[in-house]
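Have a look at the structure below before the remarks.
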Amino acid sequence: MKILFLSTADISGGAAIAAHRLFRHMVAEPGIEAEMLVQYKAGCDPQVRKPESDWGKLATHLRMPLESLLVRKSYPRAQTSNFMPARLPDGLRRRIDAFAPDLLHVHWVGHSFLRPETLTGIRCPIVWTLHDMWALTGGCYYDGGCGRYTAACGQCPVLASTAQSDLSRKGVQRKREAWQGLNLTLVSPSQWLASCARRSSIHPGRRVEVIPYGLNPETFRPWPKPVAREMLGLPPDAKLVLFGAAGVADPRKGFAYLESALGELREGTDVGLVVFGGHLQSSSLAASGIRIHVLGQLRDELTTALAYAAADIFVAPSLEDNLPNTVLEAAMCGTPVVAFRVGGIPDAIEQERHGLLVEPRDSAGLASAIRRLLRDDVLRVSLGRNARAKAERDYHPALQVKRYTELYRELLGFESQPLSKNEHS
0 MKILFLSTAD ISGGAAIAAH RLFRHMVAEP GIEAEMLVQY KAGCDPQVRK
50 PESDWGKLAT HLRMPLESLL VRKSYPRAQT SNFMPARLPD GLRRRIDAFA
100 PDLLHVHWVG HSFLRPETLT GIRCPIVWTL HDMWALTGGC YYDGGCGRYT
150 AACGQCPVLA STAQSDLSRK GVQRKREAWQ GLNLTLVSPS QWLASCARRS
200 SIHPGRRVEV IPYGLNPETF RPWPKPVARE MLGLPPDAKL VLFGAAGVAD
250 PRKGFAYLES ALGELREGTD VGLVVFGGHL QSSSLAASGI RIHVLGQLRD
300 ELTTALAYAA ADIFVAPSLE DNLPNTVLEA AMCGTPVVAF RVGGIPDAIE
350 QERHGLLVEP RDSAGLASAI RRLLRDDVLR VSLGRNARAK AERDYHPALQ
400 VKRYTELYRE LLGFESQPLS KNEHS
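For the record, in the sequence shown the residue sitting at position 332 is 331 according to numbering that gives the first Met the number 0, with numbers rising by one throughout.
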């Protein structure tokens with residue numbers, strides 16, 4: 000069984016990390032031959048291929064800024080970080096055909112890695128794991144709740160457009176035409192994104208499955224807190240709140256709401272904020288007496304797991320999200336989560352059982368939940384223990400691999416049991 004993975008990156012960003020984790024598990028499965036094509040390669044996996052020609056390397060660095068420039072030319076107020084029409088040549092079809100896969104597995108293909116038209120006419124089954132909404136919309140990665148993707152987009156708020164037949168409407172039309180007739184199955188890690196997929200005007204009647212991410216429970220585990228703090232150089236006795244995201248400055252990740260919430264905790268409590276991921280340029284918390292510990296990019300899973308284990312709670316104030324790796328990683332490490340009730344987060348965090356959920360954009364509610372967990376040691380330990388148990392049960396990599404392998408075999412016509420009722424969307 001030859002499987003070709005497509006992903007913009009291998010280990011840069013949550014979607015890429017999730018895709019590469021699954022890829023490594025699939026490569027280890029008997030009877031599966033797999034490669035992964037990427038635009039940006041930061042790791043050293045020999046089975047991950049990036050463009051090698053001089054033109055391919057140049058195009059890798061030029062496509063996204065050129066796309067953004069072209070969008071801004073027509074829509075000067077567009078949020079180009081959240082919109083990608085993918086109109087420029089990508090050079091992928093030749094590489095796909097050369098590998099001649101039995102099945103093509105598409106993951107996050109943002110930053111203009113994949114033109115919709117590249118998939119036109121592909122005869123093998125295609126599985127597309129949705130890591131955001133781009134495959135469902137006219138071009139945005141997340142729609143901000145506008146809902147226009149259910150009716151062919153147009154008047155796109157991300158583009159600041161008032162025209163019905165704008166770039167987003169044309170994006171929907173392109174995707175519909177390019178993907179009609181494909182043997183394409185959509186897979187969502189979360190119930191929320193699966194619901195979005197079923198309502199997308201691009202995919203009427205398309206098959207949608209729900210297969211959550213998988214995490215290694217031996218690496219992501221409740222490591223001893225004193226040891227974790229010592230290894231990371233964190234204070235041994237402070238109450239530590241953890242926040243992590245590939246794009247800390249991305250408004251969608253909600254760091255401003257966490258800042259506001261922590262600003263209300265200045266009651267003499269020894270509270271510190273630990274941040275990992277993207278660069279934290281500045282914070283208003285520095286003047287409030289809350290110490291900030293910046294860990295930067297964590298490139299290996301063990302160090303990442305130690306960061307969760309070192310923290311008392313993990314806060315995920317995202318305004319929109321699928322099923323964040325960070326929430327699952329915190330849960331697997333037995334660290335209770337405080338989060339906004341958005342997207343796929345409630346799949347992983349049941350209120351008062353695995354963590355505390357707050358209504359979106361409610362900084363005061365976020366502060367109250369953080370304060371409650373920092374003060375109540377018994378509740379904090381109980382939620383963390385429950386979160387670990389759920390993560391071991393629902394997000395074990397063996398379960399994820401089993402579900403994908405069954406789906407692959409079914410699509411390829413091999414003898415296999417269909418997805419069981421609790422695994423089928």
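Every residue gets a Cβ at the ideal spot worked out from N, C-alpha and C, and that includes glycine.
May I ask you to report which of helix, strand or coil DSSP gives residue i?
{"i": "Leu418", "result": "For Leu418, the pLDDT reaches just 46, beneath the cut-off of 50, and the residue's location in the model is therefore unreliable, leaving the point undetermined."}
{"i": "Met331", "result": "helix"}
{"i": "His423", "result": "At His423 the pLDDT is 39, less than 50, meaning the model places this residue with poor confidence; the figure from the coordinates comes in the next sentence. Three-state result, His423: coil."}
{"i": "Gly364", "result": "helix"}
{"i": "Trp54", "result": "helix"}
{"i": "Val70", "result": "helix"}
{"i": "Leu102", "result": "strand"}
{"i": "Cys195", "result": "helix"}
{"i": "His292", "result": "strand"}
{"i": "Arg392", "result": "helix"}
{"i": "Phe82", "result": "strand"}
{"i": "Ala248", "result": "coil"}
{"i": "Ile95", "result": "helix"}
{"i": "Gln154", "result": "coil"}
{"i": "Phe339", "result": "strand"}
What does DSSP give as the partner residues of residue i in its beta bridges?
{"i": "Phe254", "result": "According to DSSP, which records beta bridges pairwise, Phe254 is partnered with nothing at all."}
{"i": "Leu3", "result": "Glu34 and Leu103"}
{"i": "Lys238", "result": "Val270"}
{"i": "Ile312", "result": "Val240"}
{"i": "Glu208", "result": "Val186"}
{"i": "Thr128", "result": "Val186"}
{"i": "Leu355", "result": "Val337"}
Can a CB atom of chain D be found closer than 8 Å to the CB of residue i?
{"i": "His60", "result": "Of the protein chains in the structure, only one exists, and it is not chain D."}
Assuming residue i and residue j make a contact with CB atoms under 8 Å, what is their CB distance in whole Å?
{"i": "Leu372", "j": "Pro335", "result": "6 Å"}
{"i": "Leu365", "j": "His292", "result": "20 Å between Cβ atoms; not a contact."}
{"i": "Ala306", "j": "Leu318", "result": "So it is not a contact: roughly 23 Å between Cβ atoms."}
{"i": "Ser111", "j": "Arg62", "result": "4 Å"}
{"i": "Arg360", "j": "Tyr256", "result": "6 Å"}
{"i": "Gly262", "j": "Leu284", "result": "7 Å"}
{"i": "Ala330", "j": "Ala227", "result": "That belief does not hold up - the Cβ atoms of Ala330 and Ala227 are roughly 16 Å apart, past 8 Å."}
Under 8 Å between the Cβ atoms of residue i and residue j?
{"i": "Ile210", "j": "Leu135", "result": "no"}
{"i": "Gly138", "j": "Ser167", "result": "yes"}
{"i": "Met35", "j": "Phe82", "result": "no"}
{"i": "Leu406", "j": "Val108", "result": "no"}
{"i": "Leu192", "j": "Leu129", "result": "yes"}
{"i": "Thr184", "j": "Arg206", "result": "yes"}
{"i": "Ala244", "j": "Gly271", "result": "no"}
{"i": "Ile312", "j": "Ile348", "result": "no"}
{"i": "Asn324", "j": "Ala17", "result": "yes"}
{"i": "Gln190", "j": "Gly343", "result": "yes"}
{"i": "Leu68", "j": "Ile121", "result": "no"}
Is the segment 152-162 in contact with the segment 100-107, if contact means three or more CB pairs nearer than 8 Å? No, because fewer than three Cβ pairs between the segment 152-162 and the segment 100-107 fall closer than 8 Å, the two stretches do not touch.
Counting beta carbon pairs with one atom in the segment 114-125 and one in the segment 47-60, are three or more of them shorter than 8 Å? Contact between the segment 47-60 and the segment 114-125 is absent, because fewer than three Cβ pairs lie under 8 Å.
Would the segment 169-182 and the segment 219-233 be scored as touching if the rule is three or more Cβ pairs under 8 Å? The segment 169-182, when compared against the segment 219-233, does not touch it at the 8 Å Cβ threshold.
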